Amino acid sequence: MNKTLWPALTLLTLSPALAATGEVLDATPATLVQVLRSAGYQPTLKPGDAKTSPSIQVGSGEDTVWLYFSGCKAGVCTRVTASNGFEVGQDSAELGPMLAKWNADWYTQAYLDKDGAYLDGTYLLQGGYTRANFVAWFKTYLNELAEFENTLP
48 MNKTLWPALT LLTLSPALAA TGEVLDATPA TLVQVLRSAG YQPTLKPGDA KTSPSIQVGS
108 GEDTVWLYFS GCKAGVCTRV TASNGFEVGQ DSAELGPMLA KWNADWYTQA YLDKDGAYLD
168 GTYLLQGGYT RANFVAWFKT YLNELAEFEN TLP
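Under the working numbering, the first residue of the sequence shown carries the number 48, and numbering increases by one thereafter.
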């Protein structure tokens with residue numbers, strides 16, 4: 048979703064009454080797994096350890112999206128980043144300008160790594176969130192991910 052349409056879609060997606068009265072959820076990976084499951088996704092929690100933060104693997108159609116948590120203390124996290132990558136030809140002259148244009152026009156962030164082209168989107172959890180708001184954000188990320196894949200050279 049490009050930057051001009053994102054705010055409009057967010058406002059249209061959420062009913063003002065629902066946004067005002069939705070239950071505020073805690074910012075734990077386990078709660079986010081429940082939110083994703085109740086929305087029809089099949090999440091798998093990777094709890095992390097002393098060296099790595101928790102993550103969630105979510106199958107979505109043919110793709111797998113990873114949700115990486117950050118800023119976690121005592122099981123509560125400040126944000127989660129959705130990420131997915133695609134193998135691309137490293138010698139593609141079109142790729143650099145395409146990624147730059149994507150980053151100028153869209154809220155998600157595209158970048159090139161040694162393994163391919165990636166698309167990330169970050170959602171702030173700090174202070175809590177509502178189920179409807181998170182699910183709307185995740186659906187928007189998946190739509191942008193499909194658009195990103197179709198845009199790759």
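All C-beta atoms, glycine included, are put in the ideal place defined by N, C-alpha and C. Just so you know, these numbers come straight off a predicted model, no measurement behind them.
Same chain, Cβ closer than 6 Å to residue i, five either side skipped, listed in chain order
i, result
"ALA64", "Residue placement at ALA64 cannot be trusted, given a pLDDT of 45 that sits under 50; what the coordinates show is reported in the next sentence. Hits under 6 Å: none found."
"VAL71", "GLY175"
"LYS93", "SER102"
"THR91", "GLN104"
Counterpart residues of residue i in DSSP-defined beta bridges
i, result
"LYS93", "SER102"
"THR169", "THR128"
"ALA164", "PHE133, LEU159"
First and last residue of the uninterrupted beta strand (DSSP E) at residue i
i, result
"TRP113", "110-117"
"ASP152", "Where ASP152 is concerned, there is no enclosing beta strand (DSSP E), although the alpha helix (DSSP H) it sits in stretches over 142-152."
"TYR158", "156-160"
When the options are compared against residue i, the one with the closest alpha-carbon
i, options, result
"SER85", "GLY174, ASN131, ARG178", "ARG178"
"VAL80", "LYS98, ALA157, PHE185", "PHE185"
"GLY87", "VAL182, TYR188, LEU192, PRO94", "VAL182"
"GLY69", "THR187, ALA193, THR125, GLY175", "GLY175"
"LEU166", "LEU172, ARG126, THR99, SER130", "SER130"
"GLU194", "TRP149, THR169, GLY106, ASP96", "TRP149"
"GLY95", "GLY168, GLY106, ALA121", "ALA121"
Own chain, CB closer than 7 Å to residue i, minus 5 neighbours either side, in chain order
i, result
"GLU134", "GLY163"
"GLU196", "PHE133"
"VAL31", "Examination of residue 31 is not possible in this model, given that the chain is present from 48 through 200 alone."
"SER100", "TYR115, PHE116, SER117, CYS119"
Terminal residues of the alpha helix (DSSP H) in which residue i lies
i, result
"PRO76", "76-85"
"VAL182", "178-198"
Beta-carbon contacts of residue i that lie in its chain and below 8 Å, excluding the five residues immediately before and after
i, result
"PRO200", "VAL135, GLY136, SER139, GLU141, LEU142, MET145"
"VAL82", "LEU72, ARG178, PHE181, VAL182"
Heavy atom of the ligand SAM within 7 Å of residue i beta-carbon
i, result
"VAL127", "As for the ligand SAM, it is missing from this structure, which has no ligand bound."
Within the chosen definition, does the segment 106-118 reach the segment 147-156 through at least 3 CB pairs nearer than 8 Å? Output reads no: the segment 147-156 does not touch the segment 106-118.
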